[in-house]
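Input: a single structure, listed below in structure tokens.
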Amino acid sequence: MKILKINPENLRESRGAIEEAIGVIKRGGVIVFPTDTVYGLGADATNEGAVKKIFKIKQRPEDKPVPLLISDLEMAKKLSYFDKKTEEILLSVWPGSITVLLQAKGGILPWLITAGRQTIGLRIPDYKIAHFLAVKCGVPLVATSANMSGKPASNKISEVIAQFEKASYKPDLILDAGDLKHSEPSTVLDLSKGKPIISRVGLVNKKKLFDIIGV
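In terms of the working numbering, the sequence shown opens at residue 3 and continues consecutively.
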């Protein structure tokens, strides 16, 4: 488990570490990386072996789906179905700390991503490094919180490292950006049935979210 320090405000200064992280992802490995919410475990969502590694590292039950980080709206269109009205909502909440549940297109990603459900959770992050990784890898990234299943997500790098140091399965690389600003996960907005439903209140509260989408 390699740990590389990065400056989240300066991609150029952190170029070497970020390029190494991209290489790990492209080889089917797993990284820990900072986001606009908490630290996340990241891997290529199109690589079944990499997705399985995430589940082993987190000791996550296979019936629990995982959210994905994507680079842009076009990637969302490749992975899910949505109409023009929903697209307008997506453009109002992305990039940002809101994961949106949409109707999943079948036969594209490993079963573990959706756990056999008809929906998929997608998000375009509002954080330089996380978005840069999604763009440069050119694939959707698994982006579940960097913690063991059942334990709280964390924005503190020392807590993240401590959890995985003693684990049987470890991430290949940790990008250490220090302690992050926020300590809450993303808010989850379900648009899979048309009408907006908040499935989980996270960093963005209910009032703020409904103000954003005009409900």
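Virtual Cβ for every residue (Gly too), placed ideally from N, Cα, C.
Owing to the predicted nature of the structure, the values given are computational and were not obtained by experimental measurement.
Residue i: first and last residue of the uninterrupted alpha helix (DSSP H) it sits in
i      : result
PHE166 : 159-167
SER94  : 86-95
ASP192 : Run containing ASP192: none in the alpha helix (DSSP H); it sits in the beta strand (DSSP E), 189-192.
LEU205 : Careful: LEU205 lies outside any alpha helix (DSSP H) and carries neither H nor E.
GLY18  : 17-28
GLU50  : 50-60
MET77  : 75-81
Classification of residue i by the beta-carbon crowding that lies within 10 angstroms, buried from 16 upward
i      : result
LEU124 : buried
VAL32  : buried
SER151 : exposed
PRO142 : buried
VAL203 : exposed
LYS60  : buried
TYR171 : exposed
ALA164 : exposed
Delimiting residues of the beta strand (DSSP E) encompassing residue i
i      : result
VAL2   : Residue 2 falls outside the range modelled here, since the chain spans only 3 to 217, and no answer is possible.
LEU103 : 100-106
GLY123 : 121-125
ALA145 : 143-147
ILE5   : 4-7
ALA45  : 42-46
ILE176 : 175-178
Residue i beta carbon near the ligand MG (any heavy atom closer than 7 Å)
i     : result
LEU70 : Among the components of this structure there are no ligands whatsoever, and the ligand MG is therefore not found.
CB-CB length for residue i against residue j, believed under 8 Å
i      : j      : result
VAL2   : ASN157 : Nothing in the structure corresponds to residue 2, since the chain is present only between 3 and 217.
LEU6   : LEU175 : 7 Å
VAL144 : LEU211 : Actually they do not touch by this definition, with Cβ atoms about 24 Å apart.
VAL206 : SER94  : Between SER94 and VAL206 the Cβ distance is about 12 Å, and since that is not below 8 Å, they are no contact.
ALA148 : GLU64  : Not a contact, Cβ separation roughly 19 Å.
LYS138 : ILE24  : 5 Å
ILE56  : THR121 : Contact doesn't hold; Cβ gap of about 19 Å is too wide.
ALA45  : VAL53  : 6 Å
LEU92  : LEU75  : 6 Å
LEU191 : PHE84  : About 12 Å separates the two Cβ atoms, so there is no contact after all.
Chain D contact for residue i (CB, 8 Å cutoff)
i     : result
THR88 : No chain D is part of this structure, which consists of one protein chain only.
8 Å Cβ cutoff met for residue i and residue j
i      : j      : result
ALA19  : LEU177 : yes
GLN13  : PHE134 : The sequence shown places Leu at residue 13, rather than the Gln named in the question. Yes, the Cβ-Cβ distance between LEU13 and PHE134 is below 8 Å.
SER16  : ILE8   : yes
SER201 : LEU103 : yes
ALA106 : SER82  : yes
PRO36  : ALA179 : yes
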